[in-house]
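> For the sequence shown, numbering that gives the first Met the number 0 gives the first residue as 0, with consecutive numbering after it.
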Amino acid sequence: MTSTVERPETRTSDQPSSSVRRPGRRARWRVAARLAHRQLRRTLLSSALISALVLLPIAAMTAYAVIGASMIGSPQERVTAELGRMQAWISVGGLPGSGFWQSPTDPTWTGYPDNSGNAPEGTPIADPTTVLPSGTEAIRVVESTVRVQTPDGLTGMPAWGGEVWDARFEGRYELLEGTTPRSGSEIMATPAALERLGIAIGDEVVVTDGERTYTVVGTLDSAVLSDATSALFLPASAGLSGDARWYLPDLSLSWPEVEKLNGDGVVAYSRSVIQEPPVISDQTRGGWSGADDGALWTVLIVLVAGGLFAAYVVVMLAGAAFAVAARRQQRSLAVAASVGASPSDLRRVILLQGTGLGLIAGILGLALGVGAAAVTMALLADGSATQFWGFHVPWLILAGILFFSVLVGTASAVLPARTVARTDTLSALRGARRPQRPRASRPIWGSILLILGVALTIGSAFAILAIEVTDLPWDSPLRAIPPFGIVIGPILVQIGILLSGRWLLWITAKALSPVSVAARIAARDAAANSSRTVPAFAAIAATVFVAVFALSQTSMQNAWTARDWAYQAPVGTLAIGIQPTGAESTVDASVASDAADAGIALADSVGASGTAVIARQPEVWGYANSLDIPADETRVIAVMPERHLLDPESETSFTANGQNRPNPIAVVSAEELDGALGITVTAAQRAAYRDGAAIVTDPRYVTDGTIEVGAWSGRDVYEGKAPDNIWTAWVDAAPRGEPLWERKVDAIALELPHQAIAIAIAPETAAELDMATTPSLVIASFDAPVPVEVRDRVQEHADALATADWLVSPYFENGPPEDSLWIVPILSAVGVLVLCASGVALSLARFERRPDDATLSAVGGTNGLRRRVGLWQGLIIAGFGTLAGAVAGVLPPIGFAIQSRGFLLIPDIPWAVLALLAVALPLAIAAVSWLIPPRRAELTRRTAIA
Numbered sequence: 000m001t002s003t004v005e006r007p008e009t010r011t012s013d014q015p016s017s018s019v020r021r022p023g024r025r026a027r028w029r030v031a032a033r034l035a036h037r038q039l040r041r042t043l044l045s046s047a048l049i050s051a052l053v054l055l056p057i058a059a060m061t062a063y064a065v066i067g068a069s070m071i072g073s074p075q076e077r078v079t080a081e082l083g084r085m086q087a088w089i090s091v092g093g094l095p096g097s098g099f100w101q102s103p104t105d106p107t108w109t110g111y112p113d114n115s116g117n118a119p120e121g122t123p124i125a126d127p128t129t130v131l132p133s134g135t136e137a138i139r140v141v142e143s144t145v146r147v148q149t150p151d152g153l154t155g156m157p158a159w160g161g162e163v164w165d166a167r168f169e170g171r172y173e174l175l176e177g178t179t180p181r182s183g184s185e186i187m188a189t190p191a192a193l194e195r196l197g198i199a200i201g202d203e204v205v206v207t208d209g210e211r212t213y214t215v216v217g218t219l220d221s222a223v224l225s226d227a228t229s230a231l232f233l234p235a236s237a238g239l240s241g242d243a244r245w246y247l248p249d250l251s252l253s254w255p256e257v258e259k260l261n262g263d264g265v266v267a268y269s270r271s272v273i274q275e276p277p278v279i280s281d282q283t284r285g286g287w288s289g290a291d292d293g294a295l296w297t298v299l300i301v302l303v304a305g306g307l308f309a310a311y312v313v314v315m316l317a318g319a320a321f322a323v324a325a326r327r328q329q330r331s332l333a334v335a336a337s338v339g340a341s342p343s344d345l346r347r348v349i350l351l352q353g354t355g356l357g358l359i360a361g362i363l364g365l366a367l368g369v370g371a372a373a374v375t376m377a378l379l380a381d382g383s384a385t386q387f388w389g390f391h392v393p394w395l396i397l398a399g400i401l402f403f404s405v406l407v408g409t410a411s412a413v414l415p416a417r418t419v420a421r422t423d424t425l426s427a428l429r430g431a432r433r434p435q436r437p438r439a440s441r442p443i444w445g446s447i448l449l450i451l452g453v454a455l456t457i458g459s460a461f462a463i464l465a466i467e468v469t470d471l472p473w474d475s476p477l478r479a480i481p482p483f484g485i486v487i488g489p490i491l492v493q494i495g496i497l498l499s500g501r502w503l504l505w506i507t508a509k510a511l512s513p514v515s516v517a518a519r520i521a522a523r524d525a526a527a528n529s530s531r532t533v534p535a536f537a538a539i540a541a542t543v544f545v546a547v548f549a550l551s552q553t554s555m556q557n558a559w560t561a562r563d564w565a566y567q568a569p570v571g572t573l574a575i576g577i578q579p580t581g582a583e584s585t586v587d588a589s590v591a592s593d594a595a596d597a598g599i600a601l602a603d604s605v606g607a608s609g610t611a612v613i614a615r616q617p618e619v620w621g622y623a624n625s626l627d628i629p630a631d632e633t634r635v636i637a638v639m640p641e642r643h644l645l646d647p648e649s650e651t652s653f654t655a656n657g658q659n660r661p662n663p664i665a666v667v668s669a670e671e672l673d674g675a676l677g678i679t680v681t682a683a684q685r686a687a688y689r690d691g692a693a694i695v696t697d698p699r700y701v702t703d704g705t706i707e708v709g710a711w712s713g714r715d716v717y718e719g720k721a722p723d724n725i726w727t728a729w730v731d732a733a734p735r736g737e738p739l740w741e742r743k744v745d746a747i748a749l750e751l752p753h754q755a756i757a758i759a760i761a762p763e764t765a766a767e768l769d770m771a772t773t774p775s776l777v778i779a780s781f782d783a784p785v786p787v788e789v790r791d792r793v794q795e796h797a798d799a800l801a802t803a804d805w806l807v808s809p810y811f812e813n814g815p816p817e818d819s820l821w822i823v824p825i826l827s828a829v830g831v832l833v834l835c836a837s838g839v840a841l842s843l844a845r846f847e848r849r850p851d852d853a854t855l856s857a858v859g860g861t862n863g864l865r866r867r868v869g870l871w872q873g874l875i876i877a878g879f880g881t882l883a884g885a886v887a888g889v890l891p892p893i894g895f896a897i898q899s900r901g902f903l904l905i906p907d908i909p910w911a912v913l914a915l916l917a918v919a920l921p922l923a924i925a926a927v928s929w930l931i932p933p934r935r936a937e938l939t940r941r942t943a944i945a
């Protein structure tokens with residue numbers, strides 16, 4: 000039985016009760032913080048994911064900041080490594096009475112009043128201690144190189160002469176083992192030197208400079224040397240010659256006293272000046288006094304640049320994760336809204352979650368980064384005190400990184416917070432979900448930015464070309480603006496794609512609907528949840544953008560380098576140049592054969608399987624003027640046909656690729672041809688070569704199977720009257736001289752473009768042509784790659800062979816840089832980043848699709864269908880990102896190629912690699928998404944979608 004009762008009357012008032020007050024701002028913040036804390040605890044997995052996304056770049060930034068700061072020495076650390084416990088050192092640096100000056104903190108930065116860099120004429124003082132107060136104690140130390148006998152042969156080794164083992168050098172030099180020398184026949188060495196020499200403490204060392212024998216009595220460590228550096232420390236009586244310094248144990252030099260010493264041509268490094276540097280008004284005398292500040296600014300610039308990129312990627316991915324987490328909180332937040340929470344309160348709850356996660360991730364990232372820096376420094380340390388001056392923690396920078404972390408976490412929650420604040424409370428309480436529709440304004444603005452970005456990039460490139468042909472001053476701002484346009488344009492393209500993302504997904508969903516059920520479900524899910532999908536492919540696009548730009552630009556630069564590469568010898572060989580030690584242009588013929596023998600000995604010492612001696616005609620430029628050249632001296636030149644010469648009126652540069660165009664003929668023994676050219680010539684070619692034919696590696700010299708050879712006087716060559724095989728006749732040049740004789744020589748043409756030898760003839764042929772040649776190069780070939788440790792010691796061996804008349808200069812010809820050296824690391828890094836971003840996005844999609852999967856399973860959907868849905872989701876998210884990033888990333892290199900005037904070529908862009916990155920990588924990600932089976936669907940009761 001039912002009945003109707005009257006509603007009791009309630010008294011209302013138009014005025015609110017004074018006892019009911021709206022909560023204050025502090026109370027609202029407190030409640031919002033409590034709700035945010037509870038929500039974070041309820042969604043631990045999503046909170047951990049967001050924290051990890053923020054933590055990783057923060058840890059990397061922290062580690063870099065600590066390592067960078069540790070490479071910058073404090074004044075105390077620098078003076079300790081330079082002086083030990085000494086007060087100063089002085090050295091001869093300039094001329095007395097000429098206004099000589101130095102930088103207060105960098106004694107290598109010196110000059111004269113005119114700042115021209117040209118030293119006036121005069122004689123420096125021999126002993127700078129003569130200008131010091133009488134009775135000043137000074138310890139003279141000379142840095143030099145000595146030749147010593149090792150088990151591998153003669154080699155050069157750094158050496159210091161003087162009592163560096165004095166106790167007052169502690170901090171710069173440290174006694175490790177043994178005792179200090181007590182006589183002129185005892186020395187010390189670094190542990191690496193003992194290992195290199197194959198001796199121990201108590202054994203003898205033979206220094207071939209003067210054939211002296213010393214006994215090693217102990218090992219010494221230098222703060223400025225790595226543990227792997229071999230060095231000897233000899234007594235002052237060894238009489239080494241080299242850079243000398245006088246260390247002052249007791250005399251402290253103030254800046255005015257240093258300036259007084261500068262007046263006598265003496266430079267000084269003073270402890271008191273370094274610790275309290277003076278303020279100087281003349282900026283030219285600053286030198287590298289601000290080098291540490293510059294290094295710190297470099298650290299900050301790298302941190303800011305890397306941080307901005309990381310922030311963009313993290314905000315996109317973490318924002319997607321926050322969007323999913325916020326949707327899970329909609330019902331609980333709607334309950335809060337139903338009891339009085341305002342939209343700003345709801346927004347505050349989500350933002351505080353981001354702030355809290357950013358703070359937690361920042362603290363953990365700082366701790367992880369500091370630990371990673373400590374481990375990295377321990378692994379990379381080479382024993383030198385100047386590599387890592389100490390473990391420096393830049394607290395101010397770390398505080399900025401922590402603030403940056405909080406800012407990134409908060410920024411990640413901005414869009415989800417805005418969405419939650421605009422959610423209809425009643426719909427959220429009912430659990431209703433409506434797909435988002437794209438707004439017309441966004442694709443319009445996105446399209447505008449896309450077109451503007453492409454136009455700005457290409458237009459800026461052509462603007463640079465137009466400016467180059469004008470008389471615009473070099474410092475005009477108009478010259479600086481177009482390069483910025485080339486870079487800013489692609490960024491606008493990225494922003495346009497981001498703004499149009501929801502609309503593009505909607506169009507894609509319509510296009511894929513007829514393809515298959517799986518494609519339709521995946522595309523519609525991506526479009527309906529654009530707050531999760533768009534940030535994910537935007538993060539992928541940013542990563543691919545940087546990679547494509549780096550790949551394209553570096554590839555074009557490397558291709559340009561390869562086209563202009565100056566080959567000294569065939570790739571994979573050791574080129575040992577023979578050079579004079581004085582001002583002469585070539586080694587004197589009387590000692591050139593000795594230099595060639597030394598080059599062969601050097602090649603044998605590093606395990607060469609064969610050697611070839613290359614002889615050439617001496618250059619005429621060593622003469623002071625043409626009249627000093629003997630009248631009967633001639634030069635035999637192979638002449639390049641005029642059709643291959645460049646017009647100086649239209650061409651401004653040329654590429655010789657290491658060939659000596661004005662002196663192209665090299666004389667090589669027939670038996671050494673293989674080693675000289677890096678190939679194996681046939682028996683017929685070798686026989687023809689012996690009979691007088693020339694081997695030609697540059698086909699431009701060949702006409703009808705022969706080359707044209709002529710002789711000109713040395714004076715004509717000096718005065719530019721002989722062919723230079725580069726240019727046609729210059730307008731104001733001297734008229735071309737007539738050759739003394741001409742003849743044609745049979746040519747054996749070989750396709751060897753990467754070759755320093757353009758034309759080779761046998762010694763017998765050179766004798767017939769009356770050519771006077773001297774050895775200029777030794778080429779050593781190897782059956783196997785030369786180990787790195789052997790390469791590192793070649794120069795030391797070469798230094799030990801030098802004489803007063805000549806020296807040998809070794810150079811391993813490796814050719815231009817290979818693309819694989821940088822393509823593989825870039826692709827690996829990009830692949831990892833894209834996989835991580837795609838993994839996060841696909842994991843969020845799978846997590847949010849669980850109710851839909853349950854519905855799909857309930858109506859008969861198979862696991863195969865759900866797998867195919869995952870495949871299409873991977874294609875859509877990764878494909879959108881890689882394609883957008885590749886299109887935007889290739890624009891700047893194209894712009895730079897257009898403005899480079901032919902130096903950078905668009906065909907040199909690795910298009911196949913870019914296609915692999917833009918197409919194959921999404922396919923691989925989609926395949927992995929298909930291979931990983933979805934979770935078993937849990938059938939749950941679903942609220943009907945309103």
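Backbone N, C-alpha and C define an ideal beta-carbon position, used for all residues, glycine too.
Quick caveat, the model's predicted, so the values are computed rather than measured.
Starting from the C-beta of W254, find all residues in its chain whose C-beta is less than 7 angstroms away, skip the five residues before and the five after it, and write them out in chain order.
The residue labelled residue 254 in the question sits at position 255 within the sequence shown. Cβ within range, chain order: P103, V272, P277.
> Among the residues of its own chain, which have a CB less than 6 angstroms from the CB of E795, if the five just before and after it don't count?
If you number the sequence shown from 1, residue 795 lands on position 796. Closer than 6 angstroms at Cβ, skipping near neighbours: T154, G155.
> Taking C-beta to C-beta, are S954 and S225 nearer than 8 angstroms?
Because the chain is modelled from 0 through 945, residue 954 falls outside the range shown and cannot be assessed.
> Tell me the rounded alpha-carbon separation between A925 and A546.
Position 926 of the sequence shown, counted from the start, is the residue given in the question as residue 925. Position 547 of the sequence shown, counted from the start, is the residue given in the question as residue 546. For A925 and A546, the distance between alpha carbons rounds to 21 angstroms.
> Within the chosen definition, does the region 799-818 reach the region 559-578 through at least 3 CB pairs nearer than 8 angstroms?
Cβ pair count under 8 angstroms is three or more, so yes.
> May I have the straight-line CA-CA distance separating P632 from V141, to the nearest angstrom?
The residue given as residue 632 occupies position 633 in the sequence shown. The residue given as residue 141 occupies position 142 in the sequence shown. At residue 632 the sequence reads Glu, which differs from the Pro that was named. One C-alpha to the other measures close to 46 angstroms.
> For the alpha helix (DSSP H) containing T129, list its first residue and its last residue.
The sequence position of residue 129 within the sequence shown is 130, counting from 1. Taken as a continuous stretch (DSSP letters only), T129 belongs to no alpha helix (DSSP H), as it is neither H nor E.
> Beta-carbon separation of L219 and A158 under 8 angstroms?
Position 220 of the sequence shown, counting from 1, holds the residue named residue 219. Position 159 of the sequence shown, counting from 1, holds the residue named residue 158. No. Outside cutoff.
> Between P698, Q552, P784, which has its C-alpha nearest P752's C-alpha?
Indexing the sequence shown from 1 puts residue 752 at position 753. Selected option, being the one with the closest Cα: P698.
> On the premise that T580 lies in contact with G368, defined as a C-beta separation below 8 angstroms, what is that separation, rounded to the nearest angstrom?
Residue 368 sits at position 369 when you count from the first residue of the sequence shown. Residue 580 sits at position 581 when you count from the first residue of the sequence shown. The pair is not a contact, with the Cβ atoms about 51 angstroms apart (cut-off 8 angstroms).
> Comparing the C-beta of A574 with each C-beta of chain B, is any distance below 8 angstroms?
The structure shown contains no chain B; it is built from a single protein chain.
> Quick one: measure Cβ to Cβ for T385 and A192, integer angstroms, because I've assumed they're closer than 8 angstroms.
Position 386 of the sequence shown, counted from the first residue, corresponds to residue 385. Position 193 of the sequence shown, counted from the first residue, corresponds to residue 192. With 8 angstroms as the limit, T385 and A192 do not qualify as a contact, their Cβ atoms being about 19 angstroms apart.
> For F483, does the count of other Cβ atoms within 10 angstroms reach 16, so buried, or fall short, so exposed?
For the purposes of this step, residue 483 is taken as residue 484 along the sequence shown, with counting starting at 1. It is exposed - the Cβ of F483 has fewer than 16 other Cβ atoms within 10 Å.
> Please classify A844: is it buried, with 16 or more other beta-carbons within 10 angstroms of its beta-carbon, or exposed?
Here residue 844 corresponds to residue number 845 of the sequence shown, with the count starting at 1. Flag for A844 reads buried.
> For a test of the three-state rule: what should DSSP assign to T679, helix, strand or coil?
Within the sequence shown, the letter at position 680 stands for residue 679. Coil, per DSSP.
> Distance check for V348 and G355, CA to CA, integer angstroms please.
For this step, residue 355 is matched to residue 356 along the sequence shown. For this step, residue 348 is matched to residue 349 along the sequence shown. Distance between the alpha carbons of G355 and V348: 11 angstroms.
> Check this for me: beta carbons of F548 and A883, under 8 angstroms apart or not?
As a first step, residue 548 is located in the sequence shown; it is residue number 549 there, counting from the start. As a first step, residue 883 is located in the sequence shown; it is residue number 884 there, counting from the start. Result no, Cβ atoms of F548 and A883 do not sit closer than 8 angstroms.
> Out of L455, L904, P921, V65, point me to the one whose CA is closest to A398's CA.
The residue given as residue 398 occupies position 399 in the sequence shown. Ranking the options by Cα distance to A398, first place goes to V65.
> Can you round the beta-carbon distance between N656 and W564 to whole angstroms, since I take them to be within the 8 angstroms contact cut?
Looking up residue 656 in the sequence shown gives position 657. Looking up residue 564 in the sequence shown gives position 565. Indeed, because the Cβ distance is near 6 angstroms, the residues count as touching under 8 angstroms.
> So does the region 553-564 actually touch the region 740-749, counting three or more Cβ pairs closer than 8 angstroms?
Short answer: they don't touch.
> Do R270 and A87 have their beta-carbon atoms positioned less than 8 angstroms apart in this structure?
In the sequence shown, the residue the question calls residue 87 occupies position 88. In the sequence shown, the residue the question calls residue 270 occupies position 271. Contact: yes.
> Between the region 754-769 and the region 687-694, can you find at least three pairs of beta-carbon atoms closer than 8 angstroms?
Yes, since at least three Cβ pairs between the region 687-694 and the region 754-769 fall closer than 8 angstroms, the two stretches touch.
> Could you tell me whether the region 257-271 touches the region 120-133, where touching means 3 or more Cβ pairs closer than 8 angstroms?
Yes, the region 257-271 touches the region 120-133.
> According to DSSP, which residues form a beta bridge with E946?
As displayed, the chain neither begins before 0 nor continues past 945, which places residue 946 out of reach and without an answer.
> Out of E788, P774, A911, A665, point me to the one whose CA is closest to Q754's CA.
Indexing the sequence shown from 1 puts residue 754 at position 755. Considering only alpha carbons, the answer is A665.
> Do A521 and Q38 have their C-beta atoms within less than 8 angstroms of each other?
For the purposes of this step, residue 521 is identified with residue 522 of the sequence shown, where counting begins at 1. For the purposes of this step, residue 38 is identified with residue 39 of the sequence shown, where counting begins at 1. No, Cβ-Cβ distance for A521 and Q38 is not below 8 angstroms.
> Does the region 768-787 come within contact of the region 595-605, defined as at least 3 CB pairs closer than 8 angstroms?
A contact exists between the region 768-787 and the region 595-605.
> Out of V823, G445, L455, A527, which one is the CA nearest neighbour of I494?
Your numbering for residue 494 matches position 495 in the sequence shown. The shortest Cα separation from I494 among V823, G445, L455, A527 belongs to G445.
> So, do the region 243-258 and the region 393-408 have three or more beta carbon pairs nearer to each other than 8 angstroms?
Touching, no, given that fewer than three Cβ pairs across the two stretches are closer than 8 angstroms.
> Name the DSSP bridge partner or partners of W505?
Taking the sequence shown and counting its residues from 1, the one referred to as residue 505 is at position 506. According to DSSP, W505 bridges with nothing at all.
> Relative to the C-alpha of T681, which candidate in L497, L864, I725, L749 has its C-alpha closest?
By one-based count along the sequence shown, residue 681 stands at place 682. It is L749 whose Cα lies nearest to the Cα of T681.
> Going residue by residue through the region 627-657, where are the continuous beta strand (DSSP E) segments of at least 3 residues, counting only ones entirely within it?
Whole beta strand (DSSP E) segments, 3+ residues: 633-638.
> Assuming A416 contacts F390 under a Cβ cut-off of 8 angstroms, what Cβ separation, rounded to an integer in Å, is found between them?
Here residue 416 corresponds to residue number 417 of the sequence shown, with the count starting at 1. Here residue 390 corresponds to residue number 391 of the sequence shown, with the count starting at 1. Their Cβ separation, rounded to whole angstroms, is 40 angstroms, which puts A416 and F390 out of contact at 8 angstroms.
> Strictly by DSSP, which residues pair up with A360?
Translated into positions along the sequence shown, residue 360 becomes position 361. Paired residue(s): none; A360 is not in a bridge.
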